[in-house]
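**Student:** Sequence order for the protein chains is E and H.
Note that our numbering gives residue 31 to position 31 of the first sequence, counting from 1, and the numbers run on in steps of one.
Note that our numbering gives residue 138 to position 138 of the second sequence, counting from 1, and the numbers run on in steps of one.
For each residue, glycine too, the CB sits at the ideal point set by N, CA and C.
Dropping the structure in here first, questions after.
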Amino acid sequence: MDKRLKSLYQSVILEHNKSPLNFEKKEAASYQLKAYNSMCGDKYQLYFDVVEDRITNVYFHGYGCAISKAATSILTKHLDQKTFEEAQQICHLYLKHLQTDVLSEEEMIEEFEAFSAAQHFPGRAQCASLSWVETLGFLEERLKSES
Amino acid sequence: MTKVKFLKSEFPIFQHYPDLVYLDSAATTQKPRVVIDGIQRFYEMENANIHRGLYDLAAKTTERYELVRCKIADFIGANSAKEIIYTSGTTASINLVARSFVAPQLKAGDEVLISAMEHHANLIPWQMICQQKDAKLSIIPFLEDGSLDLAAFQQMLDSKVKFLAIVHISNTFGTVNPIAEMIRLAHEKDIPVLIDAAQSIANYRLHVKNLDADFLVFSGHKIYGPTGIGVLYGKEEYLQQMQPINFGGDMIRNVTFEATSFADVPQKFEAGTTNIAGVIGLGYAVDFVKTLDQVVLQNHLNSLLQNTTSALKKIEGLQIVGTAKQKSAICSFVLDNVHPHDVATFLATENIAVRAGNHCTQPALETLGTGATTRASFGIYNTLEDVEKLATAVQQIKDFFG
């Protein structure tokens, strides 16, 4: 198998694609976001339960490629139980890693590593960033409205 | 007449990329040397603006530009070159008809009829004018196999319907719609018809007069020609009625600061300096397609489709999307638990170029309950070897994702 391809479809992505975490419809959640890529049709609904400024539950549901699905699954794992500010920081780290691939050792979260390969495939970088960019926008808005 | 199997060598891209398996001709076709050389020659030796210059170069270019119009008229069986309008492509052609022919006649409560398998280009222009005029956009449904529901179509043809716009070949399912029959039925109710021939122009000989099509549209880049050039065919009486929607140079008869009178068809629709090199290139593309033996061409494309269908069907968990009896060489499929984009990325590493996504037919795919497919579409340069490579690679993808 092609080496580049292997770097993209690492086991972490394949596992999260096959058995995504928190993959459930939660219509009663405090907030719902839509992460939609009109170019390819990837479409996820993200559900956040929020108590004060803390995310107490994250779920997602929808349809998309292995990369976007795994990236969203990992998002739900890492933002669970985080405050808006902490969550915002994690989103920044993840997106910075995607774009530049230069996180320091302390900054790096192991599961993020797999996704940096996406930027070397035409048209696939946004698969890895789709849900994260939407979530970051949501968090920024919440933080702004609270301040 | 050229035999199809020798044609691959006419396309320089395959000399630069000998391993390229190009299965995305429904998105755009590759260009034969004669088109590429023709455009280069135009810029090197013939470039001048048209309809203006009083010098040899300009006069010759104008002549060539108008000669291509005659060539296209002849190619699609139009009455005269006046019925051929140059546009930037299928999308621009449809927008012109929607805004300039249909919208001015449309009243509240009227209907425009399209099908559920239209490309967004043959949906949104109608949706927009219907919204503006408080008219209704009615959608002919399709059956499970991706063929049009003709019984429903006949029932929908009532006196409220003022226009029918229908795709000849679905870019997603490959379905070939029975346009001759549909035009006949629509005309029984005095409903004018536009045929979106984007996917059929390269592979089917269309004769607008025999079909009695009122409008027919296509793009140059899907008939082995350049991008940015397309055609609107319209019956002359309709074109005469239509007002231009773009205003500027070259489309006028007389201009004062107070008023302007427009040129005759087709010039009144071609404001500004048009894509002259595109027209010249399209002329070479039409010449090229005319040299292809229709029987050989159809047999070749049909054998590519049949072989692809039977090879892919053997793969467990793969479903072909679009299985109508009348199909062109377009094969969409979905693979259980593997998203089309993952399929396409895998194929890309094997030098196999396909399209994955919604193919600009979002509502059609949502009707089927899927957001996206992988689509292999064929051109005259494809071979059975390409089909084998595709099938082998798809099987590997299936094995990899398990």
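I'd like to know whether the C-beta of Asp399 (chain H) is nearer than 8 Å to at least one C-beta of chain E.
**Tutor:** The count along the second sequence starts at 1 and reaches residue 399 (chain H) at position 399. Chain E, which has no Cβ nearer than 8 Å to the Cβ of Asp399 (chain H), makes this no.
**Student:** Secondary structure at Lys71 (chain H), three-state DSSP: helix, strand or coil?
**Tutor:** Here residue 71 (chain H) corresponds to residue number 71 of the second sequence, with the count starting at 1. Reduced to three states, the DSSP call for Lys71 (chain H) is helix.
**Student:** Do the stretch 84 to 102 of chain E and the stretch 313 to 332 of chain H make contact, defined as three or more Cβ pairs closer than 8 Å?
**Tutor:** no
**Student:** Please state whether the Cβ-Cβ distance between Pro226 (chain H) and Gly278 (chain H) is less than 8 Å.
**Tutor:** Residue 226 (chain H) sits at position 226 when you count from the first residue of the second sequence. Residue 278 (chain H) sits at position 278 when you count from the first residue of the second sequence. Yes, the pair counts as a contact, with Cβ atoms nearer than the cut-off.
**Student:** For the beta strand (DSSP E) that contains Ser261 (chain H), what are its first and last residues?
**Tutor:** In the second sequence, counting from the first residue as 1, residue 261 (chain H) sits at position 261. Run containing Ser261 (chain H): 260 to 262, per the beta strand (DSSP E) assignment.
**Student:** Going residue by residue through the stretch 55 to 91 of chain E, where are the continuous beta strand (DSSP E) segments of at least 3 residues, counting only ones entirely within it?
**Tutor:** Within the stretch 55 to 91 of chain E, no complete beta strand (DSSP E) run reaches 3 residues.
**Student:** Using three-state DSSP, classify Leu347 (chain H) as helix, strand or coil.
**Tutor:** Reading the second sequence from its first residue, position 347 is the one you call residue 347 (chain H). Note: Leu347 (chain H) maps to helix in three-state DSSP.
**Student:** What residue does the alpha helix (DSSP H) around Leu148 (chain E) start on, and which one ends it?
**Tutor:** Nothing can be reported for residue 148 (chain E): it is not among the residues displayed for chain E, which extend from 1 to 147.
**Student:** Quick check: the Cα distance between His119 (chain H) and Tyr65 (chain H), rounded to an integer number of angstroms?
**Tutor:** The residue labelled residue 119 (chain H) in the question sits at position 119 within the second sequence. The residue labelled residue 65 (chain H) in the question sits at position 65 within the second sequence. His119 (chain H) and Tyr65 (chain H): Cα-Cα distance of roughly 30 Å.
**Student:** Is Asp53 (chain E) close to chain H? Criterion is C-beta to C-beta, closer than 8 Å.
**Tutor:** Residue numbering aside, residue 53 (chain E) sits at position 53 when the first sequence is read from its first letter. No, because no Cβ of chain H sits closer than 8 Å to the Cβ of Asp53 (chain E).
**Student:** Quick one: which chain E residues come within Cβ less than 9 Å of Asn210 (chain H)?
**Tutor:** Position 210 of the second sequence holds residue 210 (chain H). Here the premise fails: no neighbours, minimum Cβ distance about 38 Å.
**Student:** Report all residues from its chain with a CB closer than 6 Å to the CB of Asn72 (chain E); omit the five preceding and five following residues, and keep chain order.
**Tutor:** Position 72 of the first sequence, counted from the start, is the residue given in the question as residue 72 (chain E). It should be noted that the sequence gives Thr, not Asn, for residue 72 (chain E). Once the five neighbours on either side are set aside, the close Cβ partners of Thr72 (chain E) are Tyr44, Phe60, Ser131.
**Student:** Tell me, to the nearest whole angstrom, how far the beta carbon of Ser80 (chain H) is from that of Val231 (chain H); I am working on the premise that it is less than 8 Å.
**Tutor:** Start at 1 with the first residue of the second sequence, and residue 80 (chain H) comes out as number 80. Start at 1 with the first residue of the second sequence, and residue 231 (chain H) comes out as number 231. Going by Cβ atoms, the distance from Ser80 (chain H) to Val231 (chain H) rounds to 14 Å, so no, they are not a contact pair.
**Student:** I'd like to know whether the C-beta atoms of Met182 (chain H) and Phe142 (chain H) end up nearer to each other than 8 Å.
**Tutor:** Here the question's residue 182 (chain H) lines up with position 182 in the second sequence. Here the question's residue 142 (chain H) lines up with position 142 in the second sequence. Not a contact, by the Cβ cut-off of 8 Å.
**Student:** List, in chain order, every chain E residue whose beta-carbon is nearer than 9 Å to that of His16 (chain H).
**Tutor:** In the second sequence, the residue the question calls residue 16 (chain H) occupies position 16. Within chain E, no residue comes near His16 (chain H); the closest Cβ sits about 18 Å away, beyond 9 Å.
**Student:** With Arg253 (chain H) as the anchor, note down where its beta strand (DSSP E) starts and where it stops.
**Tutor:** Reading the second sequence from its first residue, position 253 is the one you call residue 253 (chain H). 252 to 255 is the extent of the beta strand (DSSP E) around Arg253 (chain H).
**Student:** Quick one: what's Thr373 (chain H) bridged to in DSSP?
**Tutor:** Here the question's residue 373 (chain H) lines up with position 373 in the second sequence. Paired residue(s): H:Gly357.
**Student:** For Met1 (chain H), I'd like the list of residues in its chain whose CB is within less than 8 Å of its CB, leaving aside the five on either flank, ordered along the chain.
**Tutor:** Residue mapping note: residue 1 (chain H) aligns to position 1 of the second sequence, counting from 1. Reliability fails at Met1 (chain H), whose pLDDT of 45 lies under 50, so the model's placement of it is uncertain and no value is given.
**Student:** For Ser303 (chain H), which of helix, strand or coil comes out of DSSP?
**Tutor:** As a first step, residue 303 (chain H) is located in the second sequence; it is residue number 303 there, counting from the start. Helix.
**Student:** What do you get for Lys189 (chain H), buried or exposed, if any count of 16 or more other CB atoms within 10 angstroms of its CB means buried?
**Tutor:** Numbered from its first residue, the second sequence carries residue 189 (chain H) at position 189. Under this definition Lys189 (chain H) is an exposed residue.
**Student:** Decide if Phe247 (chain H) is buried, meaning its Cβ has at least 16 other Cβ atoms within 10 Å, or exposed.
**Tutor:** Here residue 247 (chain H) corresponds to residue number 247 of the second sequence, with the count starting at 1. By the neighbour-count rule (16 or more Cβ atoms within 10 Å), Phe247 (chain H) is not buried but exposed.
**Student:** Could you tell me the boundaries of the alpha helix (DSSP H) in which Gly426 (chain H) lies?
**Tutor:** Look at the range of chain H in this structure, 1 to 402, and you will see that residue 426 (chain H) is not part of it.
**Student:** Which class does Val193 (chain H) belong to by DSSP, given the choice of helix, strand or coil?
**Tutor:** Taking the first residue of the second sequence as 1, we reach residue 193 (chain H) at position 193. Val193 (chain H): strand per DSSP, three-state reduction.
**Student:** What residue does the alpha helix (DSSP H) around Ala152 (chain H) start on, and which one ends it?
**Tutor:** Residue 152 (chain H) sits at position 152 when you count from the first residue of the second sequence. Per DSSP, Ala152 (chain H) belongs to the alpha helix (DSSP H) from 150 to 156.
**Student:** Excluding the 5 residues preceding and the 5 following Val68 (chain H) in the sequence, name in chain order all residues of the same chain whose CB lies nearer than 8 Å to its CB.
**Tutor:** By 1-based counting over the second sequence, the position of residue 68 (chain H) is 68. Answer for Val68 (chain H): Val279, Ile280, Leu282, Gly283, Val286, listed in chain order.
**Student:** Would you kindly check if the distance between the Cβ of Leu365 (chain H) and the Cβ of Thr373 (chain H) is under 8 Å?
**Tutor:** By 1-based counting over the second sequence, the position of residue 373 (chain H) is 373. By 1-based counting over the second sequence, the position of residue 365 (chain H) is 365. Result yes, Cβ atoms of Thr373 (chain H) and Leu365 (chain H) sit closer than 8 Å.
**Student:** In terms of alpha-carbon separation, which member of E:Asn37, E:Lys77, E:Leu46 lies closest to Glu110 (chain E)?
**Tutor:** As a working note, residue 110 (chain E) is residue 110 in the first sequence. Nearest of E:Asn37, E:Lys77, E:Leu46 to Glu110 (chain E), Cα basis: E:Lys77.
**Student:** Going by beta-carbon coordinates alone, are Ala391 (chain H) and Leu312 (chain H) separated by less than 8 Å?
**Tutor:** One-based indexing of the second sequence puts residue 391 (chain H) at position 391. One-based indexing of the second sequence puts residue 312 (chain H) at position 312. Yes. Within cutoff.
**Student:** Is there a Cβ of chain C sitting closer than 8 Å to that of Lys34 (chain E), yes or no?
**Tutor:** No chain C is part of this structure, whose protein chains are labelled E and H.
**Student:** Give a yes or no on whether 8 Å exceeds the smallest Cβ distance from Leu130 (chain E) to chain H.
**Tutor:** Position 130 of the first sequence holds residue 130 (chain E). No - not a single Cβ of chain H is within 8 Å of the one on Leu130 (chain E).
**Student:** Within a Cβ cutoff of 6 Å, which residues of the same chain sit near Ala58 (chain H), ignoring the five residues on either side of it in sequence?
**Tutor:** To locate residue 58 (chain H), count along the second sequence from 1; it is residue 58. Answer for Ala58 (chain H): Ala48, listed in chain order.
**Student:** DSSP three-state call for Tyr86 (chain H): helix, strand or coil?
**Tutor:** Numbered from its first residue, the second sequence carries residue 86 (chain H) at position 86. Tyr86 (chain H) falls in the strand class under three-state DSSP.
**Student:** For the alpha helix (DSSP H) that contains Asp37 (chain H), what are its first and last residues?
**Tutor:** Numbered from its first residue, the second sequence carries residue 37 (chain H) at position 37. It spans 33 to 41 - the alpha helix (DSSP H) in which Asp37 (chain H) sits, taken as one unbroken run.
**Student:** Would Gly402 (chain H) be called buried (16 or more neighbouring beta carbons within 10 Å of its own) or exposed?
**Tutor:** Stepping through the second sequence from its first residue, residue 402 (chain H) is reached at position 402. When all chains shown are included, Gly402 (chain H) counts as exposed.
**Student:** Cα-Cα, which of H:Asp250, H:Asn275, H:Ala259 is closest to Val265 (chain H)?
**Tutor:** To locate residue 265 (chain H), count along the second sequence from 1; it is residue 265. For the residues H:Asp250, H:Asn275, H:Ala259, the minimum Cα distance to Val265 (chain H) belongs to H:Asp250.
**Student:** Whether or not the stretch 132 to 144 of chain E and the stretch 79 to 97 of chain E are in contact is what I'm after, with contact meaning three or more pairs of Cβ atoms, one per stretch, closer than 8 Å; do they touch?
**Tutor:** In short, these stretches touch, since the Cβ pair count reaches three.
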